[in-house]
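Number of protein chains: 2
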Amino acid sequence: MVCRSRRHQPTAGGLTIDDVIKGSPTLEAVARLAGVSRATASRAINGGSRVSARAQQAVNDAVRQLGYTPNSAARSLVTRRTDSVALIVPEPDERVFSDPFFARTLHVVTNVLSERDLQVVLLIARPNDDKQRILRYLHRRTVDGAIVVSHHRDDGLSDEVATLKLPSTFVGRPWTSADQVSWVSTDNIDGSHKATRLLIERGCRRIGTIAGPADMTVGQDRLVGWRRALAEAELPDDAVVHSDFTEAGGIEAGRSIMRAHPDLDGLVVASDLMAAGALRALAAAGKRVPDDVAVTGYDDLGISEHTDPPLTTLRNPITEMADQAARLLLEQLDGSATAPRRVIFTPTLVRRLSA
Amino acid sequence: MVCRSRRHQPTAGGLTIDDVIKGSPTLEAVARLAGVSRATASRAINGGSRVSARAQQAVNDAVRQLGYTPNSAARSLVTRRTDSVALIVPEPDERVFSDPFFARTLHVVTNVLSERDLQVVLLIARPNDDKQRILRYLHRRTVDGAIVVSHHRDDGLSDEVATLKLPSTFVGRPWTSADQVSWVSTDNIDGSHKATRLLIERGCRRIGTIAGPADMTVGQDRLVGWRRALAEAELPDDAVVHSDFTEAGGIEAGRSIMRAHPDLDGLVVASDLMAAGALRALAAAGKRVPDDVAVTGYDDLGISEHTDPPLTTLRNPITEMADQAARLLLEQLDGSATAPRRVIFTPTLVRRLSA
DNA sequence: CGGACTGGTGAGAGCGCTTCCACTCTCGTG
DNA sequence: CACGAGAGTGGAAGCGCTCTCACCAGTCCG
């Protein structure tokens, strides 16, 4: 009883035993120490509109003195915001960590979002095992929004996000619900078309491709661009091998495509990492690049300069894409976005020695 | 009033207009649909002790029918748990994504923790900018615990974690508070000592080292091991260059150490990635490895087999370390850990061609 | 000098959940 | 047959926060 009455006495600066014992200080403690109400303390802490200079100062001091940090669960419960967003990467983690694309994207996204004090949570989901776990995670609304990178046909993400009406941006065109969610992408058909055209103009007549996974739109679109250019030149388009965007996959694919089509004189590869692998396979098979086989990569993220020979490739404006993706998400979080938007960038051809 | 009375009527299966309008269903709605109290519904959902089979079934059905997912903020507020833990990497993100060590660690940690339905949140903190942000994050207790990888001298993490009494494990010996937090590590002094001994036994007499960052215990310890072996053999230990565990850093360091000490016949490098860089620098300088200069790496995470020549290196049991780190954290979360624990693994020498 | 504002404030009502506690029924036992 | 044990249940009290609303000065205008 004594304790109880003491506790509620609003003596400015009067801290009770309770405050000292308790783990982290609450808003209540701050308010009491500052000699104001909880409401005023809350206002002062959250960007003080309608708070007198005196009260503001008192609260600031109390916060500092107690080392107060708001309890985020309590805050989220009422604001229905968590101030964190997920960067979802539905890929096995080996790939995430070997492909510089993800590093760059994470970097840029984190930078843009941290301007608004949003915490980026990286969720790496192995495609099959974790599908349900990720969907549950989103459903629970542990994050205010999501940026999905490297989305696959059956991961269910675009539909889930669309039905949940969760603010989100996809990097790369989603398979489904494409007109209900925002996304950024590059014109992969165009890029691949450019690469193939280059080989044709160079004189190649037997051009194969190492394509990306068939369950990703990037994979599909780059394949379409290659097909289209060959069709326009009335060249055969039967030399296709799908791989997984890794260097190891590229070696394997390079080996198998050369075995199946030994007469190839051009090779359009859907990523630099795979192209680096393919170059190794070609070297091992005794083929000179570009003299025997001309090769193009895709992405231009550093590796392409260090291969032997350096890769002719298509530069995707990854930085701009990631930046745009983050901003599209911000728009939605702000509520300023009216309808889903899409932004499509154009890749540019970078000529080096491989073609 | 009508609405209100209807709302509280415990008619099994009776949903009110409110339920339909509201976004996500609450426990209240589940309870009403199941014809039980909120308390019973909660018990049923959380692993039903003291719940009749009938009630359990009714709640299960209601959950399914409504697509109910508990609101995590509300739950955390009362349980004081968030069911998520942070993997903190105080490194610029370029490094995180180029070093396979992190990929492996993340992979293992995620696997172990997901057995317990813990969500792993990856926090990459650029050392200087984000120091405060990370500390604030931990302070707010947005996570139940943390695993800190690649901790630096001045990042404040070990002290913060110790004073917050936040369950945590460090991978690599922390600089301060080392007896107040749990950590796993390998015996880096021993490993580096072994590498240096090997070179000495091989006949090298002028052995330099490319050391890791001086503000990391790994960097320091591996340097100490090298020094110790040289001292034992009464050889000079003045050829030291510090670098940053990246390949680019290794090239630069290799170049500069050879310039300063052209007579070097052995080089102990504190990581495979740096060693790969050093090999390039040596090749560029016209030195043959191992004939002119014998080289050792450290870590053995894949790259070491693909360098030219393949690296003799020390294998750290990364998988076991990460596994152990996760389990030490689990112990603390369970409350079964009494005192901070440390686990130290022994590195093993892997001989390839570079030494 | 009354009325309409306006800046500043605190009381209090929740947000959706878990959990303590008190209560009601069974049973099995002395 | 009374009684205690134990299983199953619901009422209600919070967790720590935000935010509406009512209120109380002052200030300004007609």
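As they're listed, the protein sequences go chains A and B. Numbering (this note's numbering) for the first sequence: 1030 to 1384. Numbering (this note's numbering) for the second sequence: 1030 to 1384. Every residue, glycine too, gets a C-beta built ideally from N, C-alpha and C. Note that the coordinates shown come from a computational prediction; the quantities given were computed from them, not determined experimentally.
Within 10 angstroms of its Cβ, does residue 1217 of chain B collect 16 or more other Cβ (buried), or is it exposed? Sequence index remark: in the second sequence, residue 1217 of chain B carries index 188 (1-based). Residue environment analysis places residue 1217 of chain B among the buried positions, since at least 16 neighbouring C-beta atoms fall within 10 angstroms of its C-beta.
Look at residue 1073 of chain B and residue 1084 of chain B and say whether their C-beta atoms are less than 9 Å apart. The residue labelled residue 1073 of chain B in the question sits at position 44 within the second sequence. The residue labelled residue 1084 of chain B in the question sits at position 55 within the second sequence. Taking C-beta atoms as the reference points, residue 1073 of chain B and residue 1084 of chain B count as a pair closer than 9 Å.
Using the Cα positions of residue 1264 of chain B and residue 1323 of chain B, report the straight-line distance between them to the nearest angstrom. As a working mapping, residue 1264 of chain B is identified with position 235 in the second sequence. As a working mapping, residue 1323 of chain B is identified with position 294 in the second sequence. Cα-Cα distance, rounded: 16 Å.
What runs of the beta strand (DSSP E), each 3 residues or longer, lie entirely inside the region 1166 to 1250 of chain B? Look at the region 1166 to 1250 of chain B and you find these whole runs of beta strand (DSSP E), each 3 residues long or longer: 1174 to 1178, 1197 to 1200, 1211 to 1215 and 1236 to 1240.
Who does residue 1151 of chain B pair with in a DSSP beta bridge? To locate residue 1151 of chain B, count along the second sequence from 1; it is residue 122. Residue 1151 of chain B is bridged to A/1151 and B/1116.
For residue 1171 of chain A and residue 1189 of chain A, I'd like the C-alpha separation in whole angstroms. Your numbering for residue 1171 of chain A matches position 142 in the first sequence. Your numbering for residue 1189 of chain A matches position 160 in the first sequence. In a straight line, the C-alpha of residue 1171 of chain A is about 15 Å away from that of residue 1189 of chain A.
If the cut-off is 9 Å on Cβ atoms, which residues from the region 1164 to 1188 of chain B count as contacting chain A, listed in chain order? 1165, 1166, 1168, 1169, 1170 and 1171
Ranges of the alpha helix (DSSP H) found wholly within the region 1268 to 1338 of chain B, counting only runs of at least 4: 1276 to 1289, 1301 to 1313 and 1332 to 1335
From this set, A/1350, A/1081, A/1320 and A/1131, which residue's C-alpha is nearest residue 1232 of chain A's C-alpha? Within the first sequence, the letter at position 203 stands for residue 1232 of chain A. Nearest option by C-alpha distance: A/1320.
When the Cα atoms are used, what is the spatial distance from residue 1163 of chain A to residue 1258 of chain B? Within the first sequence, the letter at position 134 stands for residue 1163 of chain A. Within the second sequence, the letter at position 229 stands for residue 1258 of chain B. If I take the Cα positions, the gap works out to 50 Å.
Consult DSSP for residue 1098 of chain B and reduce its assignment to one of helix, strand or coil. Residue numbering aside, residue 1098 of chain B sits at position 69 when the second sequence is read from its first letter. Here residue 1098 of chain B sits in coil by DSSP.
Closest by C-alpha distance to residue 1057 of chain B, when choosing among B/1081, B/1209 and B/1097: By one-based count along the second sequence, residue 1057 of chain B stands at place 28. Residue B/1097 is the option with its Cα nearest to residue 1057 of chain B.
Assigned exposure category for residue 1051 of chain B - 16 Cβ within 10 Å defines buried: As a first step, residue 1051 of chain B must be located in the second sequence, where it is residue number 22. Model confidence at residue 1051 of chain B stands at a pLDDT of 48, short of 50, so the residue's coordinates are unreliable and nothing is read from them.
Cα-Cα separation, residue 1071 of chain A to residue 1086 of chain A: As a position in the first sequence, residue 1071 of chain A is number 42, starting the count at 1. As a position in the first sequence, residue 1086 of chain A is number 57, starting the count at 1. Looking at the two C-alpha atoms, the distance is approximately 13 Å.
Contact check, residue 1350 of chain B vs residue 1326 of chain B, beta carbons under 9 Å: Here residue 1350 of chain B corresponds to residue number 321 of the second sequence, with the count starting at 1. Here residue 1326 of chain B corresponds to residue number 297 of the second sequence, with the count starting at 1. Taking 9 Å as the cut-off, the beta carbon of residue 1350 of chain B is found no closer than this to the beta carbon of residue 1326 of chain B.
Return helix, strand or coil for residue 1371 of chain B, following the three-state DSSP convention. By 1-based counting over the second sequence, the position of residue 1371 of chain B is 342. Looking at residue 1371 of chain B - three-state DSSP - the assignment turns out to be strand.
Cβ separation of residue 1152 of chain B and residue 1176 of chain B, assumed to be a contact under 8 Å, to the nearest whole Å: Residue numbering aside, residue 1152 of chain B sits at position 123 when the second sequence is read from its first letter. Residue numbering aside, residue 1176 of chain B sits at position 147 when the second sequence is read from its first letter. Rounded, the Cβ-Cβ distance is 10 Å, inconsistent with contact.
Assess, as a yes-or-no matter, whether the region 1338 to 1355 of chain B is touched by the region 1278 to 1297 of chain B under the definition of 3 or more beta carbon pairs within less than 8 Å. no
Considering Cα atoms alone, identify which of B/1276, B/1285 and B/1201 is closest to residue 1247 of chain B. Here residue 1247 of chain B is taken as the residue at index 218 of the second sequence, counted from 1. Residue B/1201 is the option with its Cα nearest to residue 1247 of chain B.
Return the CA-CA distance between residue 1210 of chain B and residue 1191 of chain B, expressed in angstroms with no decimal places. Translated into positions along the second sequence, residue 1210 of chain B becomes position 181. Translated into positions along the second sequence, residue 1191 of chain B becomes position 162. Whole-angstrom Cα-Cα distance: 6 Å.
Under a Cβ-count criterion, where at least 16 other Cβ atoms within 10 Å of its own Cβ denotes burial, should residue 1281 of chain A be classed as buried or exposed? The residue you call residue 1281 of chain A lines up with position 252 of the first sequence. Residue 1281 of chain A is buried by the Cβ-count criterion.
Can you tell which of A/1065, A/1131, A/1348 and A/1127 has its C-alpha closest to the C-alpha of residue 1133 of chain B? Here residue 1133 of chain B refers to the residue found at position 104 of the second sequence. Answer by Cα proximity: A/1127.
Within 9 Å of any Cβ in chain B, is that where the Cβ of residue 1153 of chain A sits? What you label residue 1153 of chain A is simply residue 124 of the first sequence in a count that begins at 1. Closer than 9 Å: yes.
Within the same chain, show all residues whose beta-carbon is closer than 7 Å to that of residue 1196 of chain B, passing over the 5 residues directly before and after it, in chain order. Looking up residue 1196 of chain B in the second sequence gives position 167. Only 1173, 1174, 1358, 1361 and 1362 meet the Cβ criterion.
Paired residues, beta bridge with residue 1342 of chain A - DSSP: Position 313 of the first sequence, counting from 1, holds the residue named residue 1342 of chain A. Partner(s): A/1379.
Compare the C-beta of residue 1123 of chain B against all C-beta atoms of chain A and say whether one is closer than 9 Å. Stepping through the second sequence from its first residue, residue 1123 of chain B is reached at position 94. Cβ-Cβ to chain A under 9 Å: yes for residue 1123 of chain B.
Short of 6 Å in beta carbon distance, which residues of its chain neighbour residue 1115 of chain A, apart from the five on each side in sequence? Order them along the chain. For the purposes of this step, residue 1115 of chain A is taken as the residue at position 86 of the first sequence. Around residue 1115 of chain A: 1150, 1152, 1172 and 1175.
In chain B, which residues lie less than 7 Å from residue 1094 of chain A when you measure between Cβ atoms? As a first step, residue 1094 of chain A is located in the first sequence; it is residue number 65 there, counting from the start. In chain order: nothing, as chain B lies at least about 15 Å away.
Near-chain A residues of the region 1257 to 1281 of chain B (beta-carbon distance less than 8 Å), N- to C-terminal order: none
Exposed or buried, which one is residue 1148 of chain A when buried takes at least 16 other CB atoms within 10 Å? Taking the first residue of the first sequence as position 1, residue 1148 of chain A is located at position 119. Flag for residue 1148 of chain A reads buried.
Using a Cβ-Cβ cut-off of 6 Å (strictly less than) and excluding sequence neighbours within five positions of residue 1222 of chain B, which residues of its own chain qualify? On the second sequence, position 193 is the one that residue 1222 of chain B refers to. Cβ within range, chain order: 1254, 1257 and 1258.
Would residue 1291 of chain A be called buried (16 or more neighbouring beta carbons within 10 Å of its own) or exposed? For this step, residue 1291 of chain A is matched to residue 262 along the first sequence. Around the Cβ of residue 1291 of chain A, a 10 Å sphere holds fewer than 16 other Cβ atoms; the residue is exposed.
Following a CB-centred definition, is residue 1161 of chain B positioned closer than 8 Å to any heavy atom of the ligand PLP? Questions concerning the ligand PLP fall outside what the structure shown contains, since it holds no ligand whatsoever.
Residues that residue 1374 of chain B contacts on chain A, provided the C-beta gap is smaller than 8 Å: Residue numbering aside, residue 1374 of chain B sits at position 345 when the second sequence is read from its first letter. Those within 8 Å of residue 1374 of chain B in chain A number zero; the least Cβ separation is about 22 Å.
Burial state of residue 1335 of chain B, where buried means 16 or more other Cβ atoms lie within 10 Å: For the purposes of this step, residue 1335 of chain B is taken as the residue at position 306 of the second sequence. Exposed, by the Cβ-count rule.
Give me the Cα-Cα distance between residue 1140 of chain B and residue 1380 of chain A, rounded to the nearest whole angstrom. The count along the second sequence starts at 1 and reaches residue 1140 of chain B at position 111. The count along the first sequence starts at 1 and reaches residue 1380 of chain A at position 351. Distance between the alpha carbons of residue 1140 of chain B and residue 1380 of chain A: 43 Å.
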